[in-house]
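Chains as they are written, first to last, in the working numbering: chain A, 117 to 231; chain B, 75 to 185. Just so you know, even glycine gets a beta-carbon here, dropped at the ideal spot from N, CA and C.
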Amino acid sequence: GAVVSQHPSWVICKSGTSVKIECRSLDFQATTMFWYRQFPKQSLMLMATSNEGSKATYEQGVEKDKFLINHASLTLSTLTVTSAHPEDSSFYICSASWANKETQYFGPGTRLLVL
Amino acid sequence: QQQVKQSPQSLIVQKGGISIINCAYENTAFDYFPWYQQFPGKGPALLIAIRPDVSEKKEGRFTISFNKSAKQFSLHIMDSQPGDSATYFCAASMLGYQLIWGAGTKLIIKP
């Protein structure tokens, strides 16, 4: 149980385009979803926390207009990287929880490469 | 005070040996301490977790030791296998809020 999927698993796009990443909880209803960014050989950096039906809470330094997060249902959250640039290239990972925020189940990640 | 300091950064252990990764924290309000395992190109997976009311928790070959007075906790992997080669992250949270992550330890088990 507690399976989280992400789509796509990898994406290559041109600079200036927008990319949408989906995160789904497959066998549970996720009241909270998290979006992380991970650079090579580094720890996870929390970008934002979203609760179903409400606006996401972004961490300090994360541009809200660049990283649009939508948590429209209890099983789906999306991260849209708008006007992507090469510096946005990274590994993006979502996680989901239902009871509290401490027990998080992670998706497999999406590798984004912006050319 | 919100930091979780993890060491070592990397670790090489012979097959069959014991792998030990340590974490230290400052905030005494932390009440949940999980360890995650991450393979290259994959998301982290919860391995084992402990709360401060116990000093040790064991699940198979994985054991968390918790020292409340020293504000430290560690992951021990007994009989380490090549398949255990991965990056391990400790984390902490309080009152059910979001996780504070350690920097990670890259573990290599040599056959």
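**Request:** May I ask you to list, following chain order, the residues of the region 157–175 of chain A that have a beta carbon less than 9 Å from some beta carbon of chain B?
**Result:** Lys157, Gln158, Ser159, Leu160, Met161, Leu162 and Thr165
**Request:** Determine the closest residue to Trp151/A out of Val230/A, Leu228/A and Phe222/A, with distance taken between C-alpha atoms.
**Result:** Phe222/A
**Message:** Within a Cβ cutoff of 6 Å, which residues of the same chain sit near Ser193/A, ignoring the five residues on either side of it in sequence?
**Reply:** Cys139, Met149, Ser166 and His187
**Item:** Candidates Ala200/A, Ser213/A, Lys130/A and Ala118/A: closest to Glu179/A by CA position
**Value:** Ala200/A
**Request:** State buried or exposed for Ser129/B, treating a residue as buried only when at least 16 other CB atoms are found within 10 Å of its CB.
**Result:** exposed
**Message:** Output needed for Lys131/B: all residues of its chain with C-beta closer than 6 Å, excluding positions within five of it in sequence on either side, in chain order.
**Reply:** Ile124 and Ile138
**Request:** Pull out every residue of the region 152–165 of chain B whose Cβ sits closer than 7 Å to any Cβ of chain A, in chain order.
**Result:** Phe163
**Request:** With DSSP as the reference, label Pro156/B as helix, strand or coil.
**Result:** helix
**Prompt:** Hey, Val87/B and Ser154/B are a contact pair by Cβ (cut 8 Å); roughly how many whole angstroms apart?
**Reply:** 5 Å
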